[in-house]
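Just so you know, the sequences run in chain order A and B.
According to this note's numbering, the first sequence is numbered sequentially starting from 459.
According to this note's numbering, the second sequence is numbered sequentially starting from 818.
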Amino acid sequence: MKVELGQKVLRRNDVLAGELRAEFRKAGVFVVSLVSSPGSGKTAFLEKTLTLLQPRYRVAALVGDLATENDAARLARSNAPVRQIVTGTVCHLDAGMVRGSLQDWNLAGLDFLFIENVGNLVCPASYDLGENLRLVLMSVTEGEDKPLKYPPIFHGAGLAVITKADLAEAVEFAWDAALGNIHAVHPGLPAMRVSARTGYGMEEWLRYLAAAREEWDASSAPAIRDPVATVPANSGAGAETGTFRRR
Amino acid sequence: MHELSIASSIVDMAWEEADRRGVRVNTVYLELGPLAGVVREALLSAYELAAAGTALEGSRLVVTDVPIVAFCPVCREKRSIRSAQRLCCPECHTPTPEVVQGADLRVTALEVEQ
């Protein structure tokens with residue numbers, strides 16, 4: 459006998475992510491997640507970002523790592539509150555881990571929360587964390603074809619950031635080819651080039667971030683349209699899940 | 818390698834349904850899109866591991882690949898996209914940012930017996 463089911467496998471994660479997104483909205487904190495391969499410069503980029511944002515904004519970071527707390531120690535140099543999620547053998551963050559690590563954290567006291575995922579271009583693609591913007595980072599030293607090798611992660615991102623731009627010439631990085639590959643797997647995805655070391659491109663990134671936050675703020679003002687609230691918690695429909703994707 | 822946690826979720830989901838109905842599961846049917854970020858072969862091996870020692874031990878996972886479907890802004894039609902590496906209309910080659918299907922990871926049905 460065949461029984462129809464029609465359930466998303468990641469339904470629980472999606473529902474939880476939808477609840478987180480509603481909590482973030484209520485607290486007024488704009489949440490940005492970062493995904494990339496290991497060694498692409500996520501932590502350096504984030505440390506610089508936290509440092510540059512702090513005169514004007516209240517910021518904090520959650521950082522996922524398989525085994526060490528080294529990244530949290532590096533990020534703490536920015537003087538922003540940082541909390542580490544040691545995932546053990548798990549190769550990605552999920553919405554439950556984010557929620558668990560946010561307990562007793564005063565979200566309403568923050569303007570921006572950054573979530574640095576485990577360095578991995580495969581597994582994090584499947585998990586919505588409730589973030590408002592997902593960044594995918596690739597460094598010039600990794601080569602131009604990263605997007606073609608990992609389409610889902612580039613497809614799910616809202617912004618591509620090409621890091622270590624100061625090394626581009628040394629490795630003969632072909633910007634046009636890289637952008638072409640990004641847009642082949644995700645047409646229209648905004649992309650920027652930065653160097654956390656020299657500061658190149660960081661201002662443009664901060665302007666983009668501030669504009670994204672403003673747009674998000676503005677979208678909350680009219681009619682309180684909270685799709686999460688209109689969906690029964692266990693329906694699995696998760697109306698607002700996956701909004702980190704560009705529509 | 819997150820296929821093991823995905824496989825465990827599938828086993829849990831199927832077990833819950835079977836338990837509710839008081840039946841035994843022989844086969845789990847799954848739809849998988851190229852943008853789900855899950856590797857079919859890895860998932861199939863992981864499923865055996867995840868099912869071992871549970872009520873679903875010995876059951877089969879049948880994976881159906883579903884294509885990426887995107888809306889072509891020029892043809893004004895939904896089109897099946899040939900490759901996740903190139904999201905463009907197969908007819909007119911216009912880039913297709915508006916993807917309507919392809920990230921699917923869904924248990925569609927169970928084959929069960931009393």
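Note that the Cβ used here is the ideal one computed from N, Cα and C, for glycine as well.
What did DSSP end up calling B/Asn-843 once you bin it into helix, strand or coil?
strand
Determine, using beta carbons only, whether B/Gly-919 and B/Gly-854 come nearer to each other than 8 Å.
no
Buried or exposed for A/Thr-501, please, with buried defined as at least 16 other CB atoms from any protein chain shown within 10 angstroms of its CB.
buried
Taking only runs that begin and end inside the stretch 861-888 of chain B, name each unbroken beta strand (DSSP E) of 3 or more residues, in chain order.
877-882
Please report whether the beta-carbon of A/Val-462 lies at a distance below 8 Å from any beta-carbon of chain B.
First, the residue type needs correcting, since residue 462 of chain A is Glu and not Val in the sequence shown. So, interface residue.
How about A/Gly-646: is its C-beta nearer than 8 Å to some C-beta of chain B?
Yes, A/Gly-646 lies at the interface with chain B (some Cβ there is under 8 Å from its Cβ).
So A/Glu-574 is in the beta strand (DSSP E); what residue range does that whole segment cover?
570-574
Taking buried to mean at least 16 other C-beta atoms within 10 Å of its own C-beta, is B/Val-879 buried or exposed?
Flag for B/Val-879 reads exposed.
Report the residue from A/Trp-633, A/Ala-519, A/Leu-637, A/Gly-486 whose alpha carbon sits nearest the alpha carbon of A/Leu-492.
From the listed residues A/Trp-633, A/Ala-519, A/Leu-637, A/Gly-486, the smallest Cα separation to A/Leu-492 is found for A/Ala-519.
Using the three-state DSSP reduction, which class does A/Lys-466 fall into: helix, strand or coil?
strand
Should A/Val-629 go down as buried or exposed, given a rule of 16 or more other Cβ atoms within 10 Å for buried?
exposed
B/Leu-866: buried (16+ other C-beta within 10 angstroms of its C-beta) or exposed?
exposed
Enumerate in chain order the residues of its own chain whose CB-to-CB distance from A/Ala-632 is below 6 Å, with the five nearest sequence positions on each side excluded.
In the same chain as A/Ala-632, and ignoring 5 residues on each side of it, the C-beta atoms closer than 6 Å to its own belong to Glu-602, in chain order.
Using a C-beta cutoff of 8 Å, does A/Ala-687 count as contacting chain B?
Residue confidence for A/Ala-687 is low, a pLDDT of 37 falling below 50, so the modelled location carries little weight and cannot support an answer.
Excluding the 5 residues flanking B/Gln-931 on each side, which residues of the same chain have their C-beta closer than 7 Å to its C-beta?
Val-840
Three-state secondary structure (DSSP) at A/Lys-500?
Annotated three-state conformation of A/Lys-500 is helix, per DSSP.
Give a yes or no on contact between the stretch 504-514 of chain A and the stretch 604-624 of chain A, applying the rule of three or more CB pairs nearer than 8 Å.
no
Go ahead and label A/Met-459 buried or exposed: buried means 16 or more other beta carbons lie within 10 angstroms of its beta carbon, across all protein chains shown.
exposed
Do you know how far the Cα of A/Leu-579 is from the Cα of B/Cys-905?
23 Å
Please look up how many angstroms separate the CB atoms of B/Thr-913 and A/Pro-645, rounded, as I've assumed it's under 8 Å.
6 Å
Give the list of continuous alpha helix (DSSP H) stretches no shorter than 4 residues that lie fully inside the stretch 591-615 of chain A.
604-607, 609-613
Using a Cβ-Cβ cut-off of 6 Å (strictly less than) and excluding sequence neighbours within five positions of A/Ala-635, which residues of its own chain qualify?
Closer than 6 Å at the Cβ level, and outside the excluded window around A/Ala-635, lie Glu-602.
Shorter than 8 Å from the beta carbon of B/His-819 to some beta carbon of chain A?
yes
If you follow the alpha helix (DSSP H) that A/Leu-667 is part of, which residue opens it and which one closes it?
660-678
Helix, strand or coil: how does DSSP classify A/Ala-681 here?
Note that A/Ala-681 scores a pLDDT of 47, beneath 50, so its modelled location is shaky; the value from the coordinates is reported in the next line. In this structure, A/Ala-681 counts as coil in the three-state DSSP scheme.
So that I know if they touch, is there some Cβ in chain B lying closer than 8 Å to that of A/Val-580?
yes
Does the stretch 460-468 of chain A come close enough to the stretch 564-574 of chain A that 3 or more CB-CB pairs lie under 8 Å?
With a cut-off of 8 Å, the stretch 460-468 of chain A and the stretch 564-574 of chain A do not count as touching, because too few Cβ pairs lie within range.
Identify, in the order they occur along the chain, each residue of the same chain with its Cβ nearer than 6 Å to the Cβ of A/Pro-582, setting aside the five sequence neighbours on each side.
Answer for A/Pro-582: Val-493, His-550, Asn-575, listed in chain order.
List the residues of chain B whose Cβ lies closer than 9 Å to the Cβ of A/Leu-617, in chain order.
Those within 9 Å of A/Leu-617 in chain B number zero; the least Cβ separation is about 14 Å.
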